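Just so it is clear: in the sequence shown, position 17 is 17 by full-length UniProt numbering, and no numbers are missing.
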Amino acid sequence: MVRLSQITGRSGEEVMAALGEVAPDFARYIFEFGYGDVYSRPGLDLRTRMLATVAGLVALGHAERELTVHIGSALNVGATREEVVEVIMQMALYAGFPAALDALLIAKKVFAARDAAPPAAPPPAAPPAP
């Protein structure tokens, strides 16, 4: 849950509450596998992982909610707006121009929301690796 908060800025409790009534096991899978295992692996830093995640979501072409969260997450872990835009533009070659266009408009909304929001407190640091 600490890794989720570090990446997305959202608490694990918030996500658990949103899914708890309908699929609490699914929320647990997200934490344990996604954030506990995959995002915590060595080999790639979080910035690189999040840019790869943005690319994958653009390629899906139908994940607006997740793309919104993960564009913000990429920014949270050190990616620049320019890097996010370049990754999305690169995906036009592989996912098509409509998918890239939709993603650029989502990125525009994320950037505007960040510009309008008051500065947030930094997320908690991840615990040291064992």
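Even glycine gets a Cβ: it sits at the ideal position worked out from N, Cα and C.
Predicted, not measured: the structure shown is a model, and the values here were computed from it.
Start and end residues, alpha helix (DSSP H) containing residue i
i, result
"HIS70", "64-76"
"TYR39", "Segment: none, TYR39 is in no alpha helix (DSSP H) and carries neither H nor E."
"GLU32", "Looking at the DSSP string, GLU32 is not in any alpha helix (DSSP H), and its letter there is neither H nor E."
"PRO98", "97-116"
Top-ranked residue by Cα proximity to residue i, from the options
i, options, result
"ALA117", "GLY72, ALA103 and ALA99", "GLY72"
"GLY61", "TYR39, VAL69 and LEU101", "LEU101"
"GLY78", "MET89, TYR94 and ARG47", "ARG47"
"VAL38", "PHE111, ARG3, TYR94 and ALA113", "ARG3"
"residue 131", "VAL22, THR8 and GLY20", "This structure cannot speak to residue 131, because the chain is shown only from 1 to 130."
CB-CB length for residue i against residue j, believed under 8 Å
i, j, result
"ALA63", "MET91", "In fact, because the Cβ distance is near 12 Å, the residues do not count as touching under 8 Å."
"THR87", "LEU51", "Sequence inspection shows Val at residue 87; the Thr mentioned does not correspond to that position. About 5 Å separates the two Cβ atoms, so the contact holds."
"VAL69", "ALA95", "Not confirmed; about 18 Å, so no contact."
Exposure label - residue i; buried when at least 16 CB within 10 Å
i, result
"LEU75", "buried"
"LEU105", "exposed"
"ARG49", "buried"
"THR80", "exposed"
"ALA99", "buried"
"ALA18", "exposed"
Where residue i falls: helix, strand or coil (DSSP)
i, result
"ALA79", "coil"
"ALA23", "coil"
"GLY56", "helix"
"LEU51", "helix"
"LEU44", "coil"
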